[in-house]
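Visitor: Let me begin by handing over the structure; questions about it come next.
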Amino acid sequence: MCAHRSLDFSFLARRADAAATATTTSRRVLTRQEAETLAKYVQTLIRGEWRPPVTVTSAVTAAAIQRVGATSQAPQGADVDELRVTWPTLLGSYNSVNVDTNVHDAATLRRVIERVAATQTPPRPPTLDDDTDADPSLISHFTYLPVALWHDTTIAGMTQGRGAALAALHASLRGTAWHGMGTVALAAQSYFLLTDDGATTAYGEMTDSEMSLSVRSADGAAVGWSSQAHRNWQQLDPAHVAHEAIAAAEQHRNPVRAEPGRYTAILSATAVGQLLRAMAYAYNVRSDSPFNPPTYRKLGDRDRRGERVFDPRITLSTDPADPDGGDYPFSDDGVPSPTTTWVAQGVLKARSAGLDDALPLGITPRKNPVSIRMQGGPTSVDAMIAQCERGIYVNRFVDLRVIDEHSGTMSGFTRDGCLLIQHGKIAHPVKDFRMFESPFLVLNRVAALGTPRRVAFGFIAPQATDYHEHWPLPPVIAPPMMVTDFNFVALADAT
Amino acid sequence: MNTSSLTRRRFLGQSSLTLAGLAVAPRLGATVAALPTRSTRAVATFLRPAFEPETLRTLATGAIDAALHAGAEWADIRLGDRRVFRPGAGNLSGELSVTCGFGLRVRINGVEAFVGGIDPVPERLRDAAQSAVATARELANAVSAETQLFPLAPVPVVTGEWRAPIEIDPFALSVDDHAALLGGGGGAHDGVLSRWRRRGVGIAPGQWWEWVGETRVFASSDGSLLTQCLGGVDANVLVGKSDWRLQRDDVLALGVDGQHAQTGGVELVLRPTWFADIEAAMEELARYATLPGGVLDVGRYAVVLDGPVHAQLLGQTLLPALSFNRVLGNELDLSGASFLAPPDVHVGDQVCSPLLSYRVDGLPDEHVPGHRPNMYREGMPLEGVPFGARRWDDDGVPTTTVPLIERGTLVNYLASRATHSALATIAPISSTSGTVSAPLGGIAHAELASRPAERPPSVSAEPASSAMSLDDLARHLGHGVLVRGGTVDVDPTGMGGYIYKQMLLEVRGGRIVRRIRGARLQFSTKRVLRNLVTVGDARTSGTVLQRSIVPGVPWAFPQQAWTAPAAQYRDVDLVLLPGFGPFSFGA
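Those sequence lines, one after another, are chains D and E.
Heads up, the first sequence is in numbering that gives the first Met the number 0, so the first residue is 0 and it goes up one at a time.
Heads up, the second sequence is in numbering that gives the first Met the number 0, so the first residue is 0 and it goes up one at a time.
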């Protein structure tokens with residue numbers, strides 16, 4: 000119990016000062032060494048025969064919104080800063096407890112930990128599941144891919160960039176009749192895991208940023224939206240975002256109703272990215288999903304790996320070092336996330352599984368592909384429109400949710416209006432639809448693919464029942480895509 | 000423990016237990032404690048409150064001073080701690096959590112910055128104040144000659160304290176007493192359960208309660224300093240078939256009427272009807288379980304929604320659209336615009352059925368200091384105090400009942416101090432008198448560590464004044480669908496939604512004839528609100544506690560209590576759930 004006296008916790012005070020003084024050189028989140036110091040201190044204080052793994056998450060989000068354009072209003076900022084220490088213990092029917100604290104001195108931190116420890120049942124060592132042959136010693140031999148997800152420029156943007164970015168969005172609307180609302184957000188995070196043997200660690204740090212603009216006419220008859228996301232704040236271009244949003248709004252003046260039904264759909268990269276993200280559940284070996292054949296009854300039964308499940312032009316992969324996105328090279332429990340090809344030329348190649356499921360199945364453990372890249376093709380959106388006899392262009396979806404995991408059927412709405420395409424040209428804008436489709440079938444009806452890019456999902460609030468979705472979402476890189484027979488089942492606002 | 004021993008007198012005696020000798024706990028963001036399954040110790044002794052009210056007041060005023068010292072022209076702060084106790088049952092232990100938080104706002108030249116945190120200690124509050132001021136200064140770069148700067152709406156400076164009307168403090172009771180409350184009456188239900196079991200119907204009650212206590216301090220640079228001690232219960236009792244959670248298309252589960260969220264203490268659950276309501280729900284569910292199941296053709300039907308489902312539908316469609324922040328266009332990039340906003344809709348317009356009246360619940364007069372209390376009956380107030388009731392809202396404004404929709408006419412928007420001054424920019428906002436309508440009072444509401452939003456803690460729809468029970472509504476259906484239980488999901492833009500995980504019962508000739516399998520209800524918001532044809536009386540009212548989404552970065556989820564009577568709607572779409580059986584790829 001004397002170990003803590005030799006540990007230096009001054010970084011906690013420095014972190015708090017960083018937020019307060021808002022200097023450009025302040026890191027804002029814990030470094031590897033600082034997080035390891037904290038985790039080891041916590042681990043030494045926990046009672047019991049077993050020292051559980053400890054994770055330290057340090058995160059900061061800096062956001063600002065402003066109504067811009069014809070009715071500009073003063074901006075509003077919102078900053079959230081958290082430092083979370085987590086370890087598993089027995090608590091009723093739950094398995095882990097979170098201690099959320101911004102304390103910045105060792106003595107108070109010690110009291111916090113001791114107080115929590117006094118109210119919990121000391122954790123027991125994990126036991127091997129009867130169905131697994133997992134060898135815990137494997138954990139100590141993990142290695143991780145090198146990734147570069149951190150940009151100091153994003154940290155600098157937190158203190159010096161938001162106001163200027165909003166001003167640039169507003170400048171593009173100055174003198175126009177458009178009303179708009181701009182949102183800018185920047186984030187930094189570090190994550191550290193100390194395993195129960197105290198010798199194995201995993202550390203990752205990342206930054207991310209996004210900027211979006213929604214514009215509409217005074218009468219609300221025309222709407223447009225655009226967004227950009229990049230881990231490096233300097234790569235975002237507010238003038239370009241504003242230009243695209245205005246251009247989209249110009250195209251969506253006075254939409255009319257179109258007959259619901261099945262159409263050829265040209266899905267923007269954002270719309271495709273939304274579908275891919277919603278499909279992530281299906282890769283897990285425990286999921287009830289289209290990747291399981293009808294004979295699938297229990298873990299270990301034959302699944303569809305090796306079968307062609309999508310169009311041969313579809314290749315889906317995850318690379319933690321992806322230059323356009325990337326992610327931590329490990330899952331929350333420290334299991335490495337290797338570069339993975341999930342689908343190659345339409346053939347299912349890999350499934351995701353936690354360590355306890357993967358080892359007895361003889362597969363590599365992988366986390367669900369919430370960050371994923373889809374290979375593209377040579378066809379631009381303009382070319383897709385030119386070759387479309389009758390179709391609907393979709394900018395993005397909202398309220399996309401899986402309503403039947405077995406078939407992957409999803410429902411949702413299009414948002415910000417659609418465009419009716421006839422005889423190779425945009426005919427006129429149409430009102431939003433409700434969609435009812437399984438993307439697993441949609442990816443079998445591919446007509447053309449475009450150039451992939453990182454998708455910006457925007458800041459639409461999650462569903463009331465989903466408290467786990469927080470901005471920023473893991474990156475998805477997707478191309479625009481033309482598909483046939485997409486089910487626009489009803490008008491979104493039928494009267 | 001025998002239920003008969005759990006008398007109100009006994010609990011009143013126990014409530015005199017003091018929590019003497021408790022030291023202030025170390026400052027924590029959130030701490031969770033597992034309670035043993037058996038203990039005679041009071042619940043509160045397992046995890047002490049983080050702060051005393053006086054400490055919170057000192058912290059709050061210190062934070063305001065720090066903000067002004069850093070250069071803010073104006074500042075306000077909300078901070079406090081929230082205690083939540085979920086009693087265990089059987090072999091499951093209960094859980095007690097203490098969560099702290101603060102939310103600090105500053106303004107400089109009309110630009111507002113907010114910093115939220117979970118650890119309200121002096122050093123952190125000082126740092127937050129400096130950070131907020133720095134952010135506000137940096138955001139001033141986005142202010143141009145065209146930028147409209149709206150001052151905060153002036154409100155009276157108020158100081159004072161208020162305590163929620165709690166007779167029996169749930170945190171002063173022992174673990175054993177709470178277990179007895181939860182399990183009390185179990186023996187009385189055995190007769191009902193075994194009778195139906197003999198008929199091949201296996202049902203069981205499930206309960207989960209949540210007792211909430213909160214100490215909340217508000218301070219502003221205007222001079223307001225308010226301390227409120229809040230408390231209430233969210234009591235959920237559900238009876239269902241043992242496997243109902245696994246069912247996707249034929250859910251057999253029923254919430255128990257009368258078990259809902261209110262401000263108050265243990266006295267709420269000692270009502271004589273508490274266990275009788277559970278048995279009545281068991282009988283009702285068992286009857287439904289014996290009905291045949293079948294598929295109904297897709298199409299449009301007259302539908303009766305029970306109180307809790309109706310409350311969800313209104314809370315997720317109307318409330319966000321009535322937020323003036325949204326009407327102004329300040330959520331355009333987040334959740335979207337409001338369908339109840341100019342130029343399409345004005346205050347004074349008929350926006351839905353004339354049977355709908357919707358309001359923000361103010362504090363019942365008897366709980367406002369200085370008012371004479373109403374008569375009580377059987378020791379209970381004639382009207383329950385809404386969950387989350389408080390004397391002042393999170394803008395420091397005294398709460399008041401605010402009508403939003405009266406007989407289908409839009410009469411007010413939900414405005415806070417930050418948006419109220421912008422009313423003049425929406426021209427014209429009213430189609431009648433030309434006067435703006437967005438009174439302050441009980442509107443602003445925030446979780447600790449989140450910015451106040453126009454999400455009042457309690458809203459309700461008015462029931463019918465004449466007798467109209469749920470059975471009456473079903474009888475008047477002719478041919479239609481009765482919805483019991485379920486979850487309503489509306490997309491963030493509010494355009495439409497659906498009802499799922501519910502019991503759908505086909506009604507023919509006023510009689511419930513079968514359960515409907517494999518279907519759900521789907522609606523378009525604007526259309527469904529016009530299609531309300533009948534509302535039930537007060538007996539049909541149900542309350543749900545929901546977390547309303549407040550868009551922003553990060554998103555916030557303040558808890559709200561939504562209350563509504565049962566209601567009949569016409570022309571609601573019935574659609575099929577996806578088909579079952581093997582899935583095959585089309586290629």
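C-beta atoms are modelled at their ideal positions from N, C-alpha and C, and glycine is treated no differently.
The structure presented is a predicted model; accordingly, all values stated were derived computationally and were not measured.
What is the DSSP secondary structure of D:Tyr-280, counted as helix, strand or coil?
Guide: helix
Visitor: Count Cβ pairs between the segment 363-375 of chain D and the segment 332-346 of chain D that sit closer than 8 Å; are there 3 or more?
Guide: Taking one beta carbon from each stretch, the segment 363-375 of chain D and the segment 332-346 of chain D have 3 or more pairs nearer than 8 Å; the two touch.
Visitor: For the beta strand (DSSP E) that D:Lys-424 lies in, which residues bound it at each end?
Guide: For D:Lys-424, the enclosing beta strand (DSSP E) has its first and last residue at 424-429.
Visitor: Looking at C-alpha atoms only, which residue of D:Trp-232, D:Gln-227, D:Pro-254 is the closest neighbour of D:Pro-243?
Guide: Here residue 243 of chain D is Glu; the residue named in the question, Pro, does not match the sequence. Of the candidates D:Trp-232, D:Gln-227, D:Pro-254, the one whose C-alpha sits nearest the C-alpha of D:Glu-243 is D:Gln-227.
Visitor: Is there a Cβ from chain D that is less than 8 Å from the Cβ of E:Gln-147?
Guide: For E:Gln-147, the answer is yes, since a Cβ of chain D falls inside 8 Å of its Cβ.
Visitor: Kindly list the residues whose CB is nearer than 8 Å to the CB of E:Asp-570, restricted to its own chain and excluding five residues on each side of it in sequence; keep chain order.
Guide: Within the same chain, E:Asp-570 has close Cβ partners Arg-299, Tyr-300, Ala-301, Arg-526, Asn-530.
Visitor: Tell me which residue opens and which closes the alpha helix (DSSP H) that E:Phe-323 is part of.
Guide: 323-326
Visitor: How about E:Leu-181: is its C-beta nearer than 8 Å to some C-beta of chain D?
Guide: no
Visitor: For a quick check, are the C-beta atoms of E:Leu-403 and E:Ser-322 less than 8 Å apart?
Guide: no
Visitor: Span of the alpha helix (DSSP H) holding E:Gln-545?
Guide: Unbroken run through E:Gln-545 is the beta strand (DSSP E), 541-546; no alpha helix (DSSP H).
Visitor: Quick one: is D:His-229 buried, meaning 16 or more other Cβ sit within 10 Å of its Cβ, or exposed?
Guide: buried
Visitor: Within 10 angstroms of the Cβ of E:Gln-567, are there 16 or more other Cβ atoms? Answer buried if so, exposed if not.
Guide: buried
Visitor: Looking only at its own chain, which residues have a Cβ that is under 6 Å from the Cβ of D:Glu-81, when we skip the five neighbours before and after it?
Guide: Ala-58
Visitor: Could you tell me which whole beta strand (DSSP E) segments of length 3 or greater appear in the segment 209-259 of chain D?
Guide: 222-229
Visitor: Of all the alpha helix (DSSP H) runs that stay within the bounds of the segment 339-415 of chain D, which reach a length of 4 or more residues?
Guide: Runs of alpha helix (DSSP H) with 4 or more residues, each lying fully within the segment 339-415 of chain D, are found at 354-360, 380-385, listed in chain order.
Visitor: Where does E:Met-494 fall in DSSP's three states?
Guide: coil
Visitor: Give a yes or no on whether the C-beta atoms belonging to E:Leu-172 and E:Val-308 are separated by under 8 Å.
Guide: Result no, Cβ atoms of E:Leu-172 and E:Val-308 do not sit closer than 8 Å.
Visitor: Going by beta carbon distance, what residues of the same chain come within less than 8 Å of D:Arg-453, once the five residues before and after it are set aside?
Guide: Ala-228, His-229, Asp-323, Gly-324, Pro-474, Val-475, Ile-476
Visitor: On the three-pair Cβ rule with 8 Å, is the segment 346-353 of chain D touching the segment 304-316 of chain D?
Guide: Yes, since at least three Cβ pairs between the segment 346-353 of chain D and the segment 304-316 of chain D fall closer than 8 Å, the two stretches touch.
Visitor: Return helix, strand or coil for E:Glu-266, following the three-state DSSP convention.
Guide: helix
Visitor: Quick check: the segment 227-238 of chain E against the segment 203-218 of chain E, are there 3 or more CB pairs under 8 Å?
Guide: Contact between the segment 227-238 of chain E and the segment 203-218 of chain E is present, because at least three Cβ pairs lie under 8 Å.
Visitor: Please list the partners that D:Leu-29 has in chain E, where partner means a Cβ-to-Cβ separation under 9 Å.
Guide: At a C-beta separation below 9 Å, D:Leu-29 has no neighbours in chain E, since its nearest C-beta there lies roughly 16 Å away.
Visitor: Contact criterion: CB-CB distance below 8 Å. Does E:Arg-516 meet it with respect to chain D?
Guide: no
Visitor: I'd like to know if E:Gly-116 contacts chain B, where contact means its C-beta is closer than 8 Å to some C-beta of that chain.
Guide: Of the chains in the structure shown, none is chain B; the protein chains are D and E.
Visitor: Does E:Ser-352 get closer than 8 Å to chain D when you measure Cβ to Cβ?
Guide: No, E:Ser-352 lies away from the interface with chain D (no Cβ there is under 8 Å from its Cβ).
Visitor: Three or more C-beta pairs under 8 Å: does that hold for the segment 503-516 of chain E against the segment 466-483 of chain E?
Guide: Touching, yes, given that three or more Cβ pairs across the two stretches are closer than 8 Å.
Visitor: Among D:Leu-358, D:Tyr-295, D:Met-278, which residue has its Cα nearest to the Cα of D:Met-373?
Guide: D:Met-278
Visitor: Using CA atoms only, rank isn't needed, just tell me which of D:Ile-265, D:Ile-384, D:Pro-292 is closest to D:Val-441.
Guide: D:Ile-265
Visitor: Can you name, in chain order, every residue of its own chain whose Cβ lies under 8 Å from the Cβ of D:Phe-412, other than the five neighbours on each side?
Guide: Hits under 8 Å: Phe-396, Val-397, Asp-398, Asp-431, Phe-432, Arg-433, Met-434, Ala-491.
Visitor: Name the residues in the segment 318-337 of chain E whose C-beta lies less than 9 Å from a C-beta of chain D; which are they?
Guide: Leu-327, Gly-328, Asn-329, Glu-330, Leu-331, Asp-332, Leu-333, Ser-334, Gly-335, Ala-336
Visitor: What does E:Glu-111 touch in chain D if you count any residue whose Cβ is under 9 Å from its own?
Guide: Those within 9 Å of E:Glu-111 in chain D are Ala-73, Pro-74, Gln-75, Gly-76.
Visitor: Would you tell me roughly how many angstroms separate the C-alpha atoms of D:Thr-483 and E:Ala-518, rounded to the nearest one?
Guide: 27 Å
Visitor: Out of curiosity, what's the CA-to-CA distance linking D:Asn-231 and D:Glu-204?
Guide: Here the C-alpha atom of D:Asn-231 lies approximately 13 Å from the C-alpha atom of D:Glu-204.
Visitor: Taking 8 Å as the cut-off, decide whether the C-beta atoms of D:Ser-225 and D:Ala-201 are in contact.
Guide: no
Visitor: In three-state terms, what does DSSP make of D:Arg-173?
Guide: coil
Visitor: Cβ of D:Tyr-262 within 8 Å of Cβ of D:Phe-439?
Guide: no
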